[in-house]
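In my numbering, the protein residues as written are 7 to 324.
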């Protein structure tokens, strides 16, 4: 588990250097042909009337306030200090009883709230699945946009010492607490939200996929997903528990962060004789999410939906 986390952040630094316009290990990386607006523009923090505060407290030592910006015709949150969960519920008449916690990515410094959060949740709700976007707490970055962009440039220059696995685990503690609180809240309100407490899964993107895997392998029974989705997250080999949940993995072969390495995660899951589905798309880069692209990676959600339907977690379409 620790090696898995170590590999993820080490690969992220390489990705920032190779993608000049990327946020640090951000899921916002898309090809120039697809990027219609790669400039980060500050926006007002949007009204989020349905967001529920998870009660995990404020991020310890935080001084910068939550801020948002637009980029790639999408919106991103930064300096999140208080975690929330936003429900996207299906029509009760069409509810499958299954829930999915959606964890956007962004290198733990930002969250791709629209492309990897709200849009994914709406697509799940449209198919009868109760979806919950987890806005988890983030590592602090400069509040000023210009200073933040400069910090990304400095990170891209490299040279920073490699953190220890223990240090990285310590930095994930707030996010793991947020994930556990999300599971607890959904189970508490399961009847109200028409959810089977035994059928709560989790899907994450890039850093959100790392959080999903860490939640899965953290050994906490109150937050153990019934199934997981690792969407362009790390695919390093790891120790897989005997009761590991079914997993769906989607990755583009040209992903600058994870597409060029080995796929030890796949071998690990298979060796443990646990259910796994793996989609390696020829093209798509990193951070494709729900962006419409001409690459086959755009079909990842349809494949995820078919996988969920196969396992009776989603009702057949039509």
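We put the CB at the ideal spot given by N, CA and C, even for glycine.
Every value quoted in this text rests on a predicted model; they were computed, and no experiment measured them.
Query                                                                                                                  : Result
Assumed close pair residue 213, residue 113 - CB separation to whole angstroms, cut-off 8 Å                            : 5 Å
Residue 237 to residue 311 span [Cα, whole Å]                                                                          : 13 Å
Residues that DSSP places opposite residue 206 in a beta bridge                                                        : 105
Unbroken stretches of the alpha helix (DSSP H), 4 residues or longer, contained in the stretch 254-285                 : 270-277
Spatially closest choice to residue 256 from 109, 248, 124 and 265, by CA coordinates                                  : 265
Cα-Cα separation, residue 304 to residue 252                                                                           : 22 Å
Sub-8 Å separation of residue 220 and residue 178 beta-carbons                                                         : yes
Own chain partners of residue 319 with C-beta closer than 6 Å, once the 5 adjacent residues on each side are dropped   : 104
Spatial neighbours of residue 200 in its chain, beta-carbon cut-off 6 Å, leaving aside the 5 residues before and after : 98 and 101
Neighbour flag for residue 316 against chain D, beta carbons, 8 Å                                                      : Looking at the structure shown, chain D is missing, and only one protein chain is on hand.
Residue range of the alpha helix (DSSP H) that includes residue 218                                                    : 213-223
Cβ-Cβ distance between residue 218 and residue 234 below 8 Å                                                           : yes
Three-state secondary structure assigned by DSSP to residue 289                                                        : coil
Burial state of residue 77, where buried means 16 or more other Cβ atoms lie within 10 Å                               : buried
Local conformation of residue 228 per DSSP, three classes                                                              : helix
Touching by the beta-carbon criterion (3+ pairs, under 8 Å), the stretch 135-151 and the stretch 66-85                 : yes
Straight-line Cα distance separating residue 282 from residue 135                                                      : 21 Å
Residue burial classification, residue 123 (beta-carbon count within 10 angstroms, cutoff 16)                          : buried
Unbroken alpha helix (DSSP H) run spanning residue 307, endpoints                                                      : 306-316
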